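Trainee: I have a structure here, written as structure tokens, and I will follow up with some questions on it.
2 protein chains.
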Amino acid sequence: MTDITGRNVGCGRLLVIGGRENRTCGTGPLKEFVTLSGARRSRIVVVTTATDMPEEVTAEYATVFSRLGVSSVTELRLIGRTTADDPATLTMLEQATGVLISGGDQSRLSMLVGSKTNVLLHRRLHEDGLVIAGTSAGATALGRWMILGGDGATSSVRIGPGLDLLGNVLIDMHFAERGRLPRLLSGIALDVQYLGVGIDEDTAIMVDGDRFEVIGRGVVTVVDADRATVADAGHNPMALFDVRLHLLPAGCCFDLEQRKPWFGPTREEEE
Amino acid sequence: MTDITGRNVGCGRLLVIGGRENRTCGTGPLKEFVTLSGARRSRIVVVTTATDMPEEVTAEYATVFSRLGVSSVTELRLIGRTTADDPATLTMLEQATGVLISGGDQSRLSMLVGSKTNVLLHRRLHEDGLVIAGTSAGATALGRWMILGGDGATSSVRIGPGLDLLGNVLIDMHFAERGRLPRLLSGIALDVQYLGVGIDEDTAIMVDGDRFEVIGRGVVTVVDADRATVADAGHNPMALFDVRLHLLPAGCCFDLEQRKPWFGPTREEEE
Numbered sequence: 003m004t005d006i007t008g009r010n011v012g013c014g015r016l017l018v019i020g021g022r023e024n025r026t027c028g029t030g031p032l033k034e035f036v037t038l039s040g041a042r043r044s045r046i047v048v049v050t051t052a053t054d055m056p057e058e059v060t061a062e063y064a065t066v067f068s069r070l071g072v073s074s075v076t077e078l079r080l081i082g083r084t085t086a087d088d089p090a091t092l093t094m095l096e097q098a099t100g101v102l103i104s105g106g107d108q109s110r111l112s113m114l115v116g117s118k119t120n121v122l123l124h125r126r127l128h129e130d131g132l133v134i135a136g137t138s139a140g141a142t143a144l145g146r147w148m149i150l151g152g153d154g155a156t157s158s159v160r161i162g163p164g165l166d167l168l169g170n171v172l173i174d175m176h177f178a179e180r181g182r183l184p185r186l187l188s189g190i191a192l193d194v195q196y197l198g199v200g201i202d203e204d205t206a207i208m209v210d211g212d213r214f215e216v217i218g219r220g221v222v223t224v225v226d227a228d229r230a231t232v233a234d235a236g237h238n239p240m241a242l243f244d245v246r247l248h249l250l251p252a253g254c255c256f257d258l259e260q261r262k263p264w265f266g267p268t269r270e271e272e273e
Numbered sequence: 003m004t005d006i007t008g009r010n011v012g013c014g015r016l017l018v019i020g021g022r023e024n025r026t027c028g029t030g031p032l033k034e035f036v037t038l039s040g041a042r043r044s045r046i047v048v049v050t051t052a053t054d055m056p057e058e059v060t061a062e063y064a065t066v067f068s069r070l071g072v073s074s075v076t077e078l079r080l081i082g083r084t085t086a087d088d089p090a091t092l093t094m095l096e097q098a099t100g101v102l103i104s105g106g107d108q109s110r111l112s113m114l115v116g117s118k119t120n121v122l123l124h125r126r127l128h129e130d131g132l133v134i135a136g137t138s139a140g141a142t143a144l145g146r147w148m149i150l151g152g153d154g155a156t157s158s159v160r161i162g163p164g165l166d167l168l169g170n171v172l173i174d175m176h177f178a179e180r181g182r183l184p185r186l187l188s189g190i191a192l193d194v195q196y197l198g199v200g201i202d203e204d205t206a207i208m209v210d211g212d213r214f215e216v217i218g219r220g221v222v223t224v225v226d227a228d229r230a231t232v233a234d235a236g237h238n239p240m241a242l243f244d245v246r247l248h249l250l251p252a253g254c255c256f257d258l259e260q261r262k263p264w265f266g267p268t269r270e271e272e273e
């Protein structure tokens, strides 16, 4: 069901951040996250499963969210499947207006896949207006499949199941900074129905239904192998003909269904 | 004029090498260069203009060419426009069957642009079967325009006139190793008629008329912005929609006129 502006009623937003977002002056992706989550009335939960420094990470986010006027920031340190299925965990997530999944090592997030936490996040995102952000490791985990590792500079990649909050998209992060296009291309070559989305640092896509808008300082690189020819996928080097590539800075939008970019209204105003 | 195989009669070959080609065991791009230049009967001239270590570079190439059976290897150390227009220089180049332009700093090669050496190389390549190879700095200098610098990880690039031995192509090298796709994209965004060709280390394109074949260990990345939409070219970050991208490992071919890749016969035999 959509409202008169075409927005899905009840549908929340995903904010997929490429890592190293500005955490000091409260601009960019984190500010957008707070605005979407209800500004001063936000109730934010920070999931620190991926990091091995949960106290430091929580303190850092609490500081920046406090600067943005948010008083309710709670850490959720899910450390195993039991805690991810725990009723107390679900209660906390049920009350949140915004959930941020921190960076770290995305393989630690694998244990959330298919948990009651995962089911709740999926339901509240699609039916209950929840805002979910993931940064770095927490960003790639948002897809149906996530990149677990692989060298950025050569065509090798390891992928595994993700939280499935964003279908048909394979996300990579720290994208330009770590030269990860070869890795992302090798990922989508394994299954060309997946759209590759590489997000630079301090940059994010804000997903609303089937569309996203780019915010932040860098670029989002979209690679679409839908009409491509692939040979030797999974090997190095592979051959790949006719991939479509888009470089999208802030204000550009993308239709995930039609696989088409356009200049959004915020960008047109700038120009 | 073409012969019955479709090859241009009298037309030489260009071998554009992405740098760090194997110089010890005599395989890959350098072996191909020697084979094309006449094998044991090759008369090879090494142009060391770009490097600040001309003796070492010449000695290294002389060793590998000697291993490949070539006895005639001469250094040509063009150090200014006068030497590039000198009749003795032209005589030496007139007698060569293969010319290799070494790596180093490509801005040093700018002084060759439009010189009598440049004119001679152009004529002998197109009419007299000369084989010309360039590696690293010597590779990018072969195009009508060459990349002079710019950060690999962000969208900034500096270009200047090149030797114009390969028209309508902008060449970048050490491509995957230094994450240079953003730089190459920013180059072609300045003039979308140019095809971007990024060559990995120990990898080369062998150009024969309007076509090239990939040889060596890595991948050649072709980016074609012919049908692209560009906004903010020359700025960082720019927007670029609908670039076509191809990853071409050894045995893949590309038609520079039609802008289409295909699997060449050597690759088909392998499979």
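Top to bottom, those sequences are chains Y and A. Going by our numbering, 100 is the number at position 98 of the first sequence; the sequence numbering is gapless. Going by our numbering, 68 is the number at position 66 of the second sequence; the sequence numbering is gapless. The beta-carbon is built from N, C-alpha and C at its ideal position, and this holds for glycine as well. None of these values were measured; they are calculated from a predicted model.
At least one CB of chain A closer than 9 Å to the CB of A155(Y): is that the case?
Mentor: Reliability of the predicted coordinates at A155(Y) is poor, the pLDDT of 49 falling under 50, and no value is obtained from them.
Trainee: Residues of chain Y with a CB under 7 Å from the CB of L172(A): which are they?
Mentor: By Cβ distance, chain Y contributes nothing, its closest Cβ being about 16 Å from L172(A), past 7 Å.
Trainee: Would you identify the three-state DSSP class for A155(A), choosing helix, strand or coil?
Mentor: Because A155(A) carries a pLDDT of 49, less than 50, the predicted location of this residue cannot be relied on, and no value is offered for it.
Trainee: Distance, Cα to Cα, R229(A) vs I207(Y)?
Mentor: Rounded to the nearest angstrom, the two C-alpha atoms are 25 Å apart.
Trainee: So, L102(A) versus V159(A), is the Cβ gap smaller than 9 Å?
Mentor: In this structure, V159(A) does not lie closer than 9 Å to L102(A) by Cβ.
Trainee: Within the continuous beta strand (DSSP E) that includes V216(A), where are the two ends?
Mentor: Per DSSP, V216(A) belongs to the beta strand (DSSP E) from 213-218.
Trainee: What residues in the segment 233-249 of chain A have a beta carbon less than 8 Å from any beta carbon of chain Y?
Mentor: For the segment 233-249 of chain A, which is checked against every Cβ of chain Y, the residues closer than 8 Å are A233, D234, P239, M240, A241, L242, F243, D244, V245, R246, L247, H248, L249.
Trainee: Have a look at R261(Y), V225(Y), R45(Y), P184(Y) and flag the residue whose alpha-carbon is nearest the alpha-carbon of A98(Y).
Mentor: With distances taken between Cα atoms, A98(Y) lies closest to R45(Y).
Trainee: What is the DSSP secondary structure of F243(A), counted as helix, strand or coil?
Mentor: Strand, per DSSP.
Trainee: Counting only beta-carbon atoms, is L186(Y) nearer than 9 Å to chain A?
Mentor: So, not an interface residue.
Trainee: For P251(Y), collect the residues of the same chain with a Cβ closer than 7 Å to its Cβ; drop the 5 residues on either side in sequence, then sort them by chain order.
Mentor: So the list reads V216, V221, once near-sequence residues are dropped.
Trainee: Along chain Y, which residues have their Cβ under 7 Å away from the Cβ of V221(A)?
Mentor: Those are P239, listed as they occur along chain Y.
Trainee: Would you kindly work out how many angstroms separate the C-alpha atoms of T119(A) and L95(A), rounded to a whole number?
Mentor: One C-alpha to the other measures close to 8 Å.
Trainee: Alpha carbons only, please: which of V59(Y), K262(Y), D234(Y) is nearest the one belonging to L247(Y)?
Mentor: Nearest option by C-alpha distance: K262(Y).
Trainee: Is DSSP giving T119(A) helix, strand or coil here?
Mentor: T119(A) falls in the helix class under three-state DSSP.
Trainee: Whole angstroms is fine: what's the gap from T142(Y)'s alpha carbon to C254(Y)'s?
Mentor: Using only the alpha carbons, I get a separation of about 21 Å.
Trainee: Should L197(Y) be flagged as near chain A, meaning a C-beta pair shorter than 9 Å?
Mentor: Not one chain A Cβ lies under 9 Å of L197(Y).
Trainee: Do we get a CB-CB distance below 9 Å when we pair P251(Y) with the residues of chain A?
Mentor: It does; some Cβ of chain A falls within 9 Å.
Trainee: With three or more beta-carbon pairs closer than 8 Å as the criterion, would you say the segment 122-133 of chain A touches the segment 72-86 of chain A?
Mentor: The answer is no - the segment 72-86 of chain A does not touch the segment 122-133 of chain A, with fewer than three Cβ pairs under 8 Å.
Trainee: Can you say whether I149(Y) is buried or exposed, counting buried as having 16 or more other CB atoms within 10 angstroms of its CB?
Mentor: Under this definition I149(Y) is a buried residue.
Trainee: At 9 Å on the CB atoms, spell out the chain D contacts of C254(A), in chain order.
Mentor: In the displayed structure, chain D is absent; the protein chains listed are Y and A.
Trainee: Quick one: what's F265(Y) bridged to in DSSP?
Mentor: BP columns for F265(Y) point to C254(Y).
Trainee: At a CB distance below 7 Å, what residues from the segment 16-31 of chain A approach chain Y? Give them in sequence order.
Mentor: If the cut-off is 7 Å between Cβ atoms, the segment 16-31 of chain A has nothing near chain Y.
Trainee: Using the beta-carbon of each residue, which ones in chain Y are nearer than 7 Å to L183(A)?
Mentor: Here the neighbours are L183.
Trainee: Looking at the structure shown, is H176(A) part of a helix, part of a strand, or coil, going by DSSP?
Mentor: It is coil, neither helix nor strand.
Trainee: Going along the chain, which residues of its own chain have a beta-carbon closer than 7 Å to the beta-carbon of T60(Y), five neighbours each way excluded?
Mentor: Excluding positions up to five away in sequence, the list reads V48, T50, E77.
Trainee: So V133(A) and L17(A) are supposed to be a Cβ contact under 8 Å. How far apart are they, rounded?
Mentor: Rounded, the Cβ-Cβ distance is 7 Å, consistent with contact.
Trainee: Alpha carbon to alpha carbon, what distance is there between G151(A) and L38(A)?
Mentor: Answer to the nearest angstrom: the Cα atoms are 31 Å apart.
Trainee: Got a sec: which bits of the segment 256-269 of chain A sit with their beta carbon under 9 Å from any beta carbon on chain Y, in order along the chain?
Mentor: Cβ contacts with chain Y: K262, P263, W264, F265, R269.
Trainee: Who are the neighbours of A139(Y) on chain A, taking C-beta pairs under 7 Å?
Mentor: Within chain A, no residue comes near A139(Y); the closest Cβ sits about 21 Å away, beyond 7 Å.
Trainee: Short of 7 Å Cβ to Cβ, which residues in the segment 202-221 of chain A face chain Y?
Mentor: Listed by position along the chain: G220, V221.
Trainee: Enumerate in chain order the residues of its own chain whose CB-to-CB distance from A110(A) is below 6 Å, with the five nearest sequence positions on each side excluded.
Mentor: Note that residue 110(A) corresponds to Arg in the displayed sequence, not to Ala. If we look at R110(A) and ignore the five residues flanking it on each side, its Cβ neighbours are T51, A52.
Trainee: With a cut-off of 8 Å on the beta carbons, I'd call W147(A) and G164(A) a contact; round off their distance for me.
Mentor: 5 Å between Cβ atoms; contact.
Trainee: For the candidate residues C13(Y), A139(Y), L167(Y), Q195(Y), whose alpha-carbon lies nearest to that of H176(Y)?
Mentor: The option with the nearest alpha carbon to H176(Y) is A139(Y).
Trainee: Hey, would you say L242(A) sits closer than 9 Å to L70(Y), going by beta carbons?
Mentor: Taking 9 Å as the Cβ cut-off, L242(A) and L70(Y) do not qualify as a contacting pair.
Trainee: For D174(Y), which residues in the same chain have their Cβ closer than 8 Å to its Cβ, ignoring the five residues on either side in sequence?
Mentor: So the list reads T142, I149, R182, R185, L186, G189, G198, V199, G200, I201, once near-sequence residues are dropped.
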